[in-house]
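Here the sequence shown stands for residues 54 to 124, where the numbers follow my numbering. Even for Gly, the Cβ is constructed at its ideal location relative to N, Cα and C.
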Amino acid sequence: NNVANTGANQISVGYDHKLSKTTKVYAQYSSISNGSAATYSICNCGYTGGGFPVAAGKTASAMVVGINHQF
């Protein structure tokens, strides 16, 4: 059983910058444009089935910024 318009297009852009030998900052933006019957979302939840629900045909986007320091 094939359902039309269940695909999506995703774009992600990221950047990191080294501040020192042990510290860097980073940022990433992602956007998913769903087909009219698709409900893909953006999530790095650490388990299957997680994430934020997205209505069919809507666009999901997220931005993350952070700092990484190695001790």
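Judged by DSSP in its simplified three-state form, SER89 adopts coil rather than helix or strand. Of the candidates HIS122, ILE95, VAL66, ALA57, the residue whose Cα lies closest to the Cα of SER89 is ALA57.
Closest by C-alpha distance to SER84, out of ASN121, THR59, VAL117, ALA113, is ALA113. For ASN62, the enclosing beta strand (DSSP E) has its first and last residue at 61 to 71. Scanning GLN81, MET116, LYS77 for the CA closest to the CA of VAL66 turns up GLN81. Of the candidates MET116, ALA108, LYS71, PHE124, ALA108 places its Cα closest to the Cα of ASN87. If you check the CB distance, LYS74 and ASN121 do not come in under 8 Å.
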